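Since the structure comes first, as structure tokens, the remarks are kept for the end.
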Amino acid sequence: METETIHYEKPEQGIGILSLNRPRRYNSVSRRMMEELEAFWEGQCRDPDTRVIILRGNGDRGFCAGLDMKEIMKLAPAMNTEAFYRFQSRLARLTLAMRRAPQPVICMVHGAAAGLGFSFALASDVRVISPDARFSAAYINIGLGGADMACSYFLPRLIGAGRAYEFMLTGNFMSSEEAMSLGLASRLVEREALMETALELARTMNGKNPMGLRLTKEAINMNLDAGGLEQALHMEDRNQTLLVARGMLEKNGKTSRYF
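Sequential numbering from 3 applies to the sequence shown in my numbering.
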């Protein structure tokens, strides 16, 4: 598929790099980018060869400024309530598609991650940020509700409800230092070290049991929503049994060294 607004490459076996590629527009999400991201994440569910994905924003200005408001203002007059709801639903489900993708997603953030860009970072599994990174739900700043694009789902789970309330009700930016202290980000490095840091994490993950890697992401995601300890244990028991059984069957190859 030819793409205009995203770029995808595989620099190493098992590792893919997805770049949001509208740097002149702060990598804001246009209708075309929405469609290309929908197709990309759907395709990852059928790609067993890619084990880890790094998500980044091209250009020096920032990771992603959210929805392209200039474009949406042009489209809005022709959209009735039903059409807008369909558009909103498609945008929001990009975060769901990221969670459904079996590959762990490492998000590199420099500059601003605002609105939908913030949600892309939240929907990733690991975040590596630069000192100038800053995050904002932003929706409430433009007259909308502060809870949008799955922000009200992800943010309380990542930093706790108290601070999540604050950021979503005020629309204030979260600094890189706050992101680290609150546990939102895993690494804080200079801009020029972002890619190598993300690749180092990706290589570590890529060296693990491929099925174990995918089942671990699945288990964490499901247990974030689990009804309690018993349900969490059932998920873990199932995964470990599957992996042990698979290892016993595979006497040769990479997987067998884990058993």
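Don't be surprised by glycine CBs; every beta carbon is placed ideally from N, CA and C.
Nothing here was measured: the structure is a model prediction, and the numbers come from that model.
8 Å Cβ shell around Arg92 - same chain, five flanking residues per side excluded: Excluding its 5 nearest sequence neighbours in each direction, Arg92 has C-beta neighbours in its own chain below 8 Å: Met36 and Glu40, listed in chain order.
Following the continuous beta strand (DSSP E) through Ser30, name the residue where it begins and the one where it ends. First-last for Ser30: undefined, no H or E at that position.
Based on the DSSP output, what are the partners of Tyr10 in its beta bridges? When DSSP reads this structure, Tyr10 sits in a beta bridge with Leu20.
Taking Ala103 as part of the alpha helix (DSSP H), name the residues at either end of that continuous run. Element bounds for Ala103: n/a, residue is neither H nor E.
7 Å Cβ cutoff met for Met170 and Gly148: Yes, the pair counts as a contact, with Cβ atoms nearer than the cut-off.
Can you give me the C-alpha to C-alpha distance between Thr172 and Met197, rounded to a whole angstrom? Answer to the nearest angstrom: the Cα atoms are 32 Å apart.
Please identify the residue among Glu202, Tyr141 and Ser178 whose C-alpha is closest to the C-alpha of Ile55. Ranked by Cα distance from Ile55, the options Glu202, Tyr141 and Ser178 are led by Glu202.
Going by C-alpha distance, which of Met71, Ala123 and Tyr141 is nearest Val31? Cα-wise, what sits closest to Val31 is Met71.
Among Gly59, Ala85 and Leu190, which one has its Cα closest to the Cα of Asp134? Per the C-alpha coordinates, the member of Gly59, Ala85 and Leu190 positioned closest to Asp134 is Leu190.
Within its chain, find whatever has a CB closer than 8 Å to the CB of Arg34; leave out the 5 residues flanking it on each side and keep chain order. Cβ neighbours of Arg34 beyond the five flanking positions: Glu6 and Thr7.
Residue range of the beta strand (DSSP E) that Leu57 falls in? Val54 to Gly59 is the extent of the beta strand (DSSP E) around Leu57.
CA-CA distance, Thr206 and Leu215? If I take the Cα positions, the gap works out to 11 Å.
Pull up the distance between the alpha-carbon of Asn225 and that of Pro79, whole angstroms please. For Asn225 and Pro79, the gap between their C-alpha atoms comes out near 42 Å.
Alpha-carbon spacing of Thr257 relative to Asn211, whole angstroms: Legend: pLDDT at Thr257 = 47, less than 50; position of this residue unreliable, value from coordinates given subsequently. Each residue's CA atom was taken as its position, placing Thr257 and Asn211 some 6 Å apart.
From Leu160 to His9, what distance separates their C-alpha atoms? Their backbone Cα atoms lie some 28 Å apart in a straight line.
Can the beta-carbon of Met266 be found closer than 7 Å to that of Val111? Residue 266 is absent from the model: the chain starts at 3 and stops at 261.
Which of the three DSSP states, helix, strand or coil, is assigned to Thr257? Note that Thr257 scores 47 on pLDDT, short of 50, meaning its location in the model is unreliable; the coordinates nonetheless yield the value given after this. Reduced to three states, the DSSP call for Thr257 is helix.
Assuming Met176 and Ser138 make a contact with CB atoms under 8 Å, what is their CB distance in whole Å? Contact flag correct, Cβ pair sits at about 7 Å.
Spatial neighbours of Gly185 in its chain, beta-carbon cut-off 8 Å, leaving aside the 5 residues before and after: Closer than 8 Å at Cβ, skipping near neighbours: Leu160 and Ile161.
Taking the runs of the alpha helix (DSSP H) that are 4 residues or longer, which of them lie wholly in the segment 107-187? As far as the segment 107-187 is concerned, its whole alpha helix (DSSP H) runs of at least 4 residues are 118-125, 153-161, 163-172 and 178-183.
Cβ distance (whole Å) where Asn208 is taken to contact Gly45 below 8 Å: That pair is no contact at about 19 Å.
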